[in-house]
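First comes the structure, then the notes that go with it.
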Amino acid sequence: MSPTHTEVTAAPADLDPCGHEDHPGCGIRDVLDRIGDKWSVLVIVELAGGPRRFREIERAIDGISQRMLTLTVRRLERDGLVLRTVYPTVPAQVDYRLTETGASLTHLVKSLADWSLTHRTVIAEARHQYDETHPDHDIR
68 MSPTHTEVTA
78 APADLDPCGH
88 EDHPGCGIRD
98 VLDRIGDKWS
108 VLVIVELAGG
118 PRRFREIERA
128 IDGISQRMLT
138 LTVRRLERDG
148 LVLRTVYPTV
158 PAQVDYRLTE
168 TGASLTHLVK
178 SLADWSLTHR
188 TVIAEARHQY
198 DETHPDHDIR
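Under my numbering, the first residue of the sequence shown is numbered 68, with each subsequent residue one higher.
This is the structure:
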């Protein structure tokens, strides 16, 4: 008998351990270093709508500095997730777009966003309960 949707989505996934020396080929740390930072996912979300110029991305993402956006798109480009195209115009026009690999991340990002919306109330309540029972902690 096949599992139900609830059994598949509510049960923990079958994951191979990745934090030990005996799994040196596991690339999850490299991936999380990139997409787990504060800005990369926001840039990927913005580029999911199609090519954008630098200033368009900068205006769309509240709080990102010009320098941080520059570093973020360069890192995403280096990882093969973003393509930077320079057009032969005066002044030069540059746009950024997701590569096929970058676009494949959008489904995972959407799943993560959906998960966060579904569980935000539970997480907020857990934080409140923790804060109530640990009044002297400093982990916010």
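C-beta atoms are modelled at their ideal positions from N, C-alpha and C, and glycine is treated no differently. Remember, predicted model here, so these are calculated numbers, not experimental data.
Going by CA-CA distance only, name the one from the options that's closest to residue i.
i	options	result
THR168	TRP182, THR156 and VAL149	VAL149
GLN159	LEU172, SER132, THR188 and ARG120	It is Ala, not Gln, that sits at residue 159 in the sequence shown. Taking only the C-alpha atoms, the option nearest ALA159 is ARG120.
Helix, strand or coil for residue i per DSSP?
i	result
THR188	helix
LEU82	coil
VAL153	strand
ASP104	coil
Using 7 Å as the threshold, is the C-beta distance between residue i and residue j below it?
i	j	result
GLY147	THR173	no
VAL140	TYR154	no
ILE102	VAL108	yes
Excluding the 5 residues preceding and the 5 following residue i in the sequence, name in chain order all residues of the same chain whose CB lies nearer than 6 Å to its CB.
i	result
GLU144	ARG151
ALA115	THR173
Is there a Cβ from chain D that is less than 7 Å from the Cβ of residue i?
i	result
ALA115	The displayed structure is made up of one protein chain only, and chain D is not part of it.
Between which residues of its own chain and residue i is the CB-CB distance below 7 Å, once the five residues before and five after are set aside?
i	result
GLU113	ARG119, ILE124, ALA127 and ILE128
Please work out which residues of its chain come closer than 8 Å, Cβ to Cβ, to residue i, disregarding the five sequence neighbours upstream and downstream, and give them in chain order.
i	result
ASP81	none
Using the Cβ count rule (16 or more neighbours within 10 Å means buried), how would you classify residue i?
i	result
LEU175	exposed
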